[in-house]
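With the numbering used here applied, the sequence shown covers 1 to 144.
All remarks here apply to the structure that follows.
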Amino acid sequence: MISALATGVAPRIHFNNDTDRQKRRVLASIAEMQLQAFAVVCDKRHGANEFHARAACVAEIVRQLQRRAVGMLVIESRQDDRDDVRTITRTRAEEPPLVFEHRTARHERALWLADAVSWAVGAGPPWTELLGGSLIDVIEIDPR
Numbered sequence: 001m002i003s004a005l006a007t008g009v010a011p012r013i014h015f016n017n018d019t020d021r022q023k024r025r026v027l028a029s030i031a032e033m034q035l036q037a038f039a040v041v042c043d044k045r046h047g048a049n050e051f052h053a054r055a056a057c058v059a060e061i062v063r064q065l066q067r068r069a070v071g072m073l074v075i076e077s078r079q080d081d082r083d084d085v086r087t088i089t090r091t092r093a094e095e096p097p098l099v100f101e102h103r104t105a106r107h108e109r110a111l112w113l114a115d116a117v118s119w120a121v122g123a124g125p126p127w128t129e130l131l132g133g134s135l136i137d138v139i140e141i142d143p144r
């Protein structure tokens, strides 16, 4: 299902280069899936640098997943995953259990969905509205 959302040209969904028509199609398809998504955002006006903003967002994602008793977190691998590992390890409670791993979008197509939802949240309405009931929460944090 997820693979079918990628264009014939691109091997994956990455909203930066997709047309508005393709973006609408992908977001509408996500709305039809049986999934729930939430987004954690840190506005630039809070003055946090990218490193601190990411760490604060990752920590909040861990807390939210554990509150929802989600057992697995897959996070997109970047240049240096050690920072994420430290943040997750420091934040994660013993119970309920939450395991995590880094994967590339090439090897974990579900990360495409996270990219699409994140893009829509950043773009705001009307893009978020296309997600329908799939987007259950947008949590803004201030890492100061």
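We put the beta carbon where it would ideally sit given N, CA and C, even for glycine.
These numbers come from a predicted model, not from an experiment.
Would you report the Cα separation of residue i and residue j, rounded to the nearest angstrom?
i, j, result
"valine 121", "alanine 39", "7 Å"
"isoleucine 139", "threonine 91", "17 Å"
"threonine 87", "alanine 56", "8 Å"
"asparagine 16", "phenylalanine 51", "22 Å"
"histidine 46", "arginine 144", "7 Å"
For a test of the three-state rule: what should DSSP assign to residue i, helix, strand or coil?
i, result
"glutamate 94", "coil"
"alanine 55", "helix"
"arginine 103", "strand"
"glutamate 50", "helix"
"leucine 130", "helix"
"arginine 109", "coil"
Quick one: give me the first and last residue of the beta strand (DSSP E) that residue i is part of.
i, result
"aspartate 137", "135-140"
"valine 70", "No beta strand (DSSP E) holds valine 70; DSSP gives it neither H nor E."
"phenylalanine 38", "37-41"
For the candidate residues the options, whose alpha-carbon lies nearest to that of residue i?
i, options, result
"methionine 33", "Ala123, Ile141, Gly133 and Gln66", "Gly133"
"aspartate 137", "Asp83, Val74, Gln64 and Trp127", "Gln64"
"alanine 110", "Leu73, Glu94, Thr91 and Pro96", "Leu73"
"isoleucine 75", "Thr104, Arg45, Ala116 and Pro143", "Thr104"
"arginine 54", "Ser29, Ala31 and Arg82", "Arg82"
"alanine 31", "Ala116, Asp18, Ala48 and Val41", "Ala116"
Which residue marks the beginning of the alpha helix (DSSP H) containing residue i, and which one marks its end?
i, result
"alanine 31", "20-32"
"serine 77", "Serine 77 -> no alpha helix (DSSP H), and no H or E assigned at all."
Looking at the ligand ADP, does it come within less than 6 Å of residue i, judged from the CB to the closest heavy atom?
i, result
"arginine 109", "With respect to small molecules bound, the structure shown includes none, and the ligand ADP cannot be examined in it."
Can you round the beta-carbon distance between residue i and residue j to whole angstroms, since I take them to be within the 8 Å contact cut?
i, j, result
"serine 118", "histidine 102", "Serine 118 to histidine 102, Cβ: 17 Å. No contact."
"proline 96", "alanine 69", "5 Å"
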